[in-house]
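Visitor:
Numbering (mature numbering (1 follows the signal peptide of the UniProt record, and there is no 0)), first residue to last: -21 to -1, 1 to 150.
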């Protein structure tokens, strides 16, 4: 499909575009919930509309594209319409993300081309609540005791040690 190749090439080209001057939003959702991301500021004459996702900190993948506000959606790079649903009206682009988890959280870019220029909005999709990190740390103490740090909980930008277990070994 020639149109699909053209859209894939467009998404690849957009990977090189600097987004430092773009708008930015943060959306927080509970793990497992659905969320709809959106950006606006276009009109019905905008040609291509798309969603991109930052992957592994440096790569941008094209999630989905539309050639106009009422065209069919094309999903790219392993993103499926079972997990993501793109839609659009004359002024707004939407991306519904189902069952948000850590793999689906991250940085998304909503974009459209107008008068030959790309416009991007950066959306940080974050998971609300406590994120539990398992952190294992052993320390040798001359009295033959080990301190085993079981887990850390991150809550509101600070770390709190939830429990420390002291294990004694008899030699």
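Here a beta-carbon is modelled for each residue, glycine too, at the ideal position from N, C-alpha and C.
(1) Between which two residues does the beta strand (DSSP E) harbouring residue 91 extend?
(2) What's the gap between the Cα of residue 81 and the Cα of residue 36?
(3) If you reduce the DSSP assignment to three classes, tell me which class residue 152 lands in.
(4) Shortest alpha-carbon distance to residue 3 belongs to which of 24, 63, 19 and 56?
(5) What residue range is occupied by the uninterrupted beta strand (DSSP E) comprising residue 42?
(6) On a Cα-Cα basis, can you pick out the residue from 7, 85 and 105 that is closest to residue 39?
(7) Return helix, strand or coil for residue 76, following the three-state DSSP convention.
(8) Can you find a C-beta in chain B that's less than 9 Å from the C-beta of residue 38?
(9) Any idea what DSSP makes of residue 54, helix, strand or coil?
(10) For residue 79, count neighbouring Cβ atoms within 10 angstroms of its own Cβ and tell me buried if that reaches 16, exposed if not.
(11) Taking the alpha carbon of residue 31 as the point to measure from, which residue in 41, 24, 23 and 22 has its own alpha carbon closest?
Guide: Looking at the atomic coordinates:
(1) Indexing the chain shown from 1 puts residue 91 at position 112. Residue 91 -> beta strand (DSSP E) spans 85 to 93.
(2) To locate residue 81, count along the chain shown from 1; it is residue 102. To locate residue 36, count along the chain shown from 1; it is residue 57. Residue 81 and residue 36: Cα-Cα distance of roughly 14 Å.
(3) No statement about residue 152 is possible, as the shown extent of the chain runs from -21 to 150 and does not include it.
(4) Within the chain shown, numbered from 1, the residue matching residue 3 stands at position 24. Ranking 24, 63, 19 and 56 by Cα distance to residue 3 puts 19 first.
(5) Within the chain shown, the letter at position 63 stands for residue 42. Here the beta strand (DSSP E) through residue 42 covers 38 to 45.
(6) Taking the first residue of the chain shown as position 1, residue 39 is located at position 60. Closest option to residue 39, Cα to Cα, is 85.
(7) For the purposes of this step, residue 76 is taken as the residue at position 97 of the chain shown. Reduced to three states, the DSSP call for residue 76 is strand.
(8) As a matter of chain content, chain B is missing from the structure shown, which is built from one protein chain.
(9) As a first step, residue 54 is located in the chain shown; it is residue number 75 there, counting from the start. In the structure shown, residue 54 sits in a strand (DSSP, three-state: E or B).
(10) Residue numbering aside, residue 79 sits at position 100 when the chain shown is read from its first letter. Residue 79 comes out buried.
(11) As a working mapping, residue 31 is identified with position 52 in the chain shown. Comparing Cα positions, the closest option is 41.
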